[in-house]
C-alpha cells in the first residue's frame, strides 16, 4: 500500500508543464501578418493583377488562414476558431469605419469651402450657372417651416394616439393600432410623398387654387408628419409605460379623474422621454428629401409662406445642387449637406443627452 | 387644483425605484387605472363623510378625452388605409391608359401619346439592390455590434456606439452625395478590375462604361443601413443577461463559443428586427439611389455596368417632367413599392410579435 503511494508521488512534479494549455507566443500574430503581407505583395506584383488594395485584401485572407492553421496546430481547434472569429470581428470593424470616416471627412473638408455669410443669407434667386455666389437661405427657411408645421401636427396626434394605446385601448383594436404603428415605421418616405401628392396636391388643393394643383411647403409638412408619426407614437408609448403605477393610483386616490391624471400626472412625468422621441423624429424628418421633392417642388427664391407656391428644403437643395451642371454647384451642395448634418446631429445629440438625464430611464 | 398634480409628479421620482414598471406586462398600468372608472356609482351626490365619487356624466371631460385619444389612435389606421386608397385612385387611370403590360414591359414612357410603362425592371432593381446591400451590410454590422458590445474596452465601446448612433441619423442625401462625388472612382476602378479578371462570370461581364452601377448603388445603401443595423443589434447584444455569458465562460467556452451559445441565440429576434428595419430602409431608399445609379430600364444581373434602377429612384428622377398620366404611372409604381414594403414589414412584425417580450426592447 505504502509503496504504491510513494511510486505515485513523483508524477505531480511533472504536471505543471501541461497544466496550462499551449499558447501561441505573443509575436505569432504580427509575424503571420507580416508574412501574409509579403506573400500577398509577391503574388500580386509578381503576377501583376492589381495594386496595393488587392495586396491588403489578399494579405487579410492569408493572415486569417495562417492564423487558423498556426493556432490549430499549437492550441487546438476550438482556440483556433476563437482566434479566427475574433480577427474577423475586428476586421469587420475596420472595414466599416473606413467608408464612414471617409463620409465624415469629405463632408467636413468639402463643406467648409462655402461656409460663409453669403451662403446663409442669400438664396439661389437669379443665380446663373456662372455665378459663384448663391446660398441656401431659402432652403433653410423651408426646412424650418416644414419641419415646424410637421411637428405641430404630429406631436399632439402622436401623443394622443400613444395615450389611447397605453391607457384606454384594450383588446384587438388597440393591438391593431400598435401593430400598424410598427408597420408604418417602415413606410418609405417616397410613398408618403406620393400619398400627399395624390391626396393633397392633386385632389384637395385645386379646390382653393382655381382648380390647379398647388405645390406648397404645407404639403411637404403633411408628408413629413406621416413619417414622424410612428416614431413619436412608439417613443411616447414606451415612456408612458415606464410611468410607475403608484403615481396614477395616488392621483386616483385623491379623486382626480382619469383624464386629468393622464394630463397632469402621467404626461409631465414622462415628458423628458417624449421630448427625446420627438427630437429624434424631427431629426429624421429634417433629412428627408423625396417627399419635399414631390410635393413642395423646390424653388430658388425665398418663400416664407408655406401655404402657397413652391418651397425648397436643405435636403432638396443638396440634391438639386448635386445634379446641377454649374461648376460652383458641388461646393454649395457640400456646404448645404454639412449644414443639414449639423442641424440633424445637434438635434440628435441633444435628444440623447436628454434621454440620459431622464429619470424614468430604462 | 393646480398644486396637487405637481406634488404627485414629484413623488413619482421616489416611486420609480419602488416599482420596476417594465417588469409589468404591457397594459398592466392601464388595467390598474381602470378601477376608479368602474367604481363610480351613479346617483351618489355627496352623502357626507369623505364625499362620494362624482356622478359619471354622459358627456363629461372624461368621455371627451377618451374620444379624442380614440380618434387619434384611429388616425393611424385611417392614414394607412388612405395611403392605399388615394394611391389606387390616382394609379388606376394611368394603368388604364397603359398600352403595354404593366408587369412585364421593360421601359418607362408614360408621357407619350400612347403611354407605355412597366414595373418589372424597376421592381427587380429595387429588390436586387436592397438584397445586395443587406448581403454586404448584415455580416459587417453584426461584426461591429459584437465588437462594440463584447470585444472593445467598455469606454471605447460606449463612445463608438454613440458615434454609430449619430451616423444612423445622417440623412440619405449626404450618403448619395458622397457616393456620387467620392465613392464613384474607387468603385469604377474596382469594376474595371473585376471586369478584367472575372468577366467570365455574367455578374461582372459587359464592356462598360462602368461605375454608376448596381454595385455602387448597393454599396452606398449598405454603408447607409450599416449604422442602423449596428446600433439596434448592439443594443440587443448588450441586453444579454450576464449570468448566461458567465455560465458559458465558466463551462470553459472560449469567447467566440460564448458569443455563439449565449449572446447570438438570445439576440436573434432583435437581430431579425434590425435586419428587417434595414431592409425596409434599403427598399424605400430614394435619393441615395437616384444619385448613384445609372438609369436604365432593363432586367440585368450585370452588377458593374452603368445601369440599374429602382422604383423610388425612378420616381425621384422622372417626376419633374411627368404629365398627368406620368404622375399616375409613378403613383402606380409607388403603390407597388408600398405593397412590397408592407409585406416585408408585416412579415417582420409577425415574426417579432411571436416573441412578445422582445417587442418592448428590441423592436
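Protein chains in written order, with full-length UniProt numbering: chain Z, 1 to 362; chain R, 1 to 363.
All C-beta atoms in this analysis are idealised placements derived from N, C-alpha and C, irrespective of residue type, glycine included.
Keep in mind the model is a prediction, meaning the values are calculated, not measured.
CB-CB length for residue i against residue j, believed under 8 Å
| i | j | result |
| --- | --- | --- |
| residue 288 of chain R | residue 172 of chain R | 5 Å |
| residue 345 of chain R | residue 186 of chain Z | 4 Å |
| residue 227 of chain Z | residue 294 of chain Z | That belief does not hold up - the Cβ atoms of residue 227 of chain Z and residue 294 of chain Z are roughly 13 Å apart, past 8 Å. |
| residue 120 of chain R | residue 299 of chain R | 6 Å |
| residue 302 of chain Z | residue 221 of chain Z | Wrong, their Cβ atoms sit about 18 Å apart, outside the cutoff. |
| residue 301 of chain R | residue 203 of chain R | 6 Å |
Distance CB(residue i)-CB(residue j) smaller than 8 Å
| i | j | result |
| --- | --- | --- |
| residue 83 of chain R | residue 338 of chain R | yes |
| residue 306 of chain R | residue 211 of chain R | yes |
| residue 201 of chain Z | residue 176 of chain Z | no |
| residue 78 of chain Z | residue 257 of chain R | yes |
| residue 232 of chain R | residue 280 of chain R | no |
| residue 154 of chain Z | residue 229 of chain Z | yes |
| residue 222 of chain R | residue 133 of chain R | yes |
| residue 406 of chain Z | residue 63 of chain Z | This structure gives no information on residue 406 of chain Z, because the portion of chain Z shown stretches from 1 to 362. |
| residue 124 of chain Z | residue 300 of chain Z | yes |
| residue 49 of chain Z | residue 197 of chain R | yes |
| residue 164 of chain Z | residue 69 of chain R | yes |
| residue 341 of chain Z | residue 225 of chain R | no |
| residue 331 of chain R | residue 116 of chain R | no |
| residue 240 of chain R | residue 262 of chain R | yes |
| residue 335 of chain Z | residue 115 of chain Z | yes |
| residue 44 of chain Z | residue 55 of chain Z | yes |
| residue 308 of chain R | residue 294 of chain R | yes |
| residue 234 of chain Z | residue 181 of chain Z | yes |
| residue 24 of chain Z | residue 70 of chain Z | yes |
| residue 309 of chain Z | residue 205 of chain Z | no |
Residue i: contacting residues in chain R (beta-carbon distance under 8 Å)
| i | result |
| --- | --- |
| residue 82 of chain Z | 254, 255, 256 and 257 |
| residue 79 of chain Z | 254 |
| residue 106 of chain Z | 178, 181 and 182 |
| residue 177 of chain Z | 73, 74, 76 and 77 |
Proximal residues of chain Z, C-beta to C-beta of residue i below 7 Å
| i | result |
| --- | --- |
| residue 97 of chain R | None at all; the shortest Cβ gap to chain Z is about 16 Å. |
| residue 79 of chain R | 226 |
| residue 200 of chain R | Under the 7 Å cutoff, chain Z gives no residues; its nearest Cβ is about 15 Å from residue 200 of chain R. |
| residue 90 of chain R | 198 and 202 |
| residue 334 of chain R | 190, 191 and 194 |
| residue 245 of chain R | Residues of chain Z passing the Cβ test: none, with the nearest at roughly 15 Å. |
| residue 193 of chain R | 50 |
| residue 207 of chain R | The premise fails here: residue 207 of chain R is roughly 20 Å from chain Z at the closest Cβ pair, so nothing lies under 7 Å. |
| residue 269 of chain R | Near residue 269 of chain R there are no residues of chain Z at all, since even the closest Cβ is about 14 Å away, more than 7 Å. |
Contact set between residue i and chain Z, taken where Cβ atoms lie within less than 8 Å
| i | result |
| --- | --- |
| residue 312 of chain R | 188, 190 and 290 |
| residue 116 of chain R | Chain Z residues near residue 116 of chain R: none, gap ~21 Å exceeds 8 Å. |
| residue 226 of chain R | 96 and 100 |
| residue 284 of chain R | 186, 187, 188, 189, 190 and 191 |
Where residue i meets chain Z, residues with beta-carbon distance less than 9 Å
| i | result |
| --- | --- |
| residue 266 of chain R | None at all; the shortest Cβ gap to chain Z is about 17 Å. |
| residue 292 of chain R | Simply none; closest approach about 11 Å. |
| residue 338 of chain R | 187, 188, 191, 194 and 195 |
| residue 345 of chain R | 182, 183, 184, 185, 186 and 187 |
| residue 165 of chain R | 348 and 352 |
Residue i: contacting residues in chain R (beta-carbon distance under 9 Å)
| i | result |
| --- | --- |
| residue 296 of chain Z | None at all; the shortest Cβ gap to chain R is about 12 Å. |
| residue 319 of chain Z | 173, 176, 177, 287, 290, 291 and 316 |
| residue 150 of chain Z | Residues of chain R passing the Cβ test: none, with the nearest at roughly 14 Å. |
Neighbour list for residue i in chain A, Cβ cutoff strictly below 7 Å
| i | result |
| --- | --- |
| residue 330 of chain Z | As a matter of chain content, chain A is missing from the structure shown, whose protein chains are Z and R. |
Residues that residue i contacts on chain R, provided the C-beta gap is smaller than 7 Å
| i | result |
| --- | --- |
| residue 87 of chain Z | Those within 7 Å of residue 87 of chain Z in chain R number zero; the least Cβ separation is about 10 Å. |
| residue 163 of chain Z | 69 |
| residue 322 of chain Z | 177, 180 and 291 |
#### Entry: Whole runs of the alpha helix (DSSP H) within the stretch 223-289 of chain Z, excluding any shorter than 4 residues
245-253, 258-261 and 267-286
### beta strand (DSSP E) runs wholly inside the stretch 209-248 of chain R, at least 3 long, in chain order
none
### Message
Quick check: the stretch 257-267 of chain Z against the stretch 59-71 of chain R, are at least 3 beta-carbon pairs closer than 8 Å?
### Response
yes
### Task
Would you check if the stretch 128-139 of chain Z and the stretch 313-323 of chain Z touch, i.e. whether three or more CB-CB distances between them fall below 8 Å?
yes
### Message
Three or more C-beta pairs under 8 Å: does that hold for the stretch 266-273 of chain Z against the stretch 331-348 of chain Z?
### Response
no
### Message
Can you confirm whether the stretch 142-149 of chain R touches the stretch 83-99 of chain Z when touching is taken to mean that 3 or more C-beta pairs between the two stretches lie within less than 8 Å?
### Response
yes
### Query
At a cut of 8 Å, does the stretch 328-339 of chain Z reach the stretch 116-135 of chain Z through at least three beta carbon pairs?
yes
### Inter-stretch contact (C-beta, 8 Å, three-pair minimum) for the stretch 240-252 of chain Z and the stretch 168-182 of chain Z
no
### Task
Counting only runs of 4+ residues fully inside the stretch 27-54 of chain Z, write out the alpha helix (DSSP H) ranges in chain order.
28-47
### Message
Report the start-end ranges of each alpha helix (DSSP H) in the stretch 276-322 of chain R that is 4 residues or longer and not cut off at the edges.
### Response
287-292 and 311-318
### Task
Could I get the ranges of all uninterrupted alpha helix (DSSP H) runs contained in the stretch 132-178 of chain Z, with 4 residues as the minimum, in chain order?
137-163
### Task
Answer yes if the stretch 310-329 of chain R comes into contact with the stretch 155-162 of chain R, meaning at least three C-beta pairs across the two stretches below 8 Å, and no otherwise.
no
### Query
Which runs of the alpha helix (DSSP H) spanning at least 4 residues fall entirely within the stretch 154-207 of chain R, listed in chain order?
154-168, 172-178 and 184-198
### Task
Quick one: which unbroken alpha helix (DSSP H) runs of 4-plus residues sit fully inside the stretch 277-349 of chain Z? Chain order, please.
290-295 and 314-323
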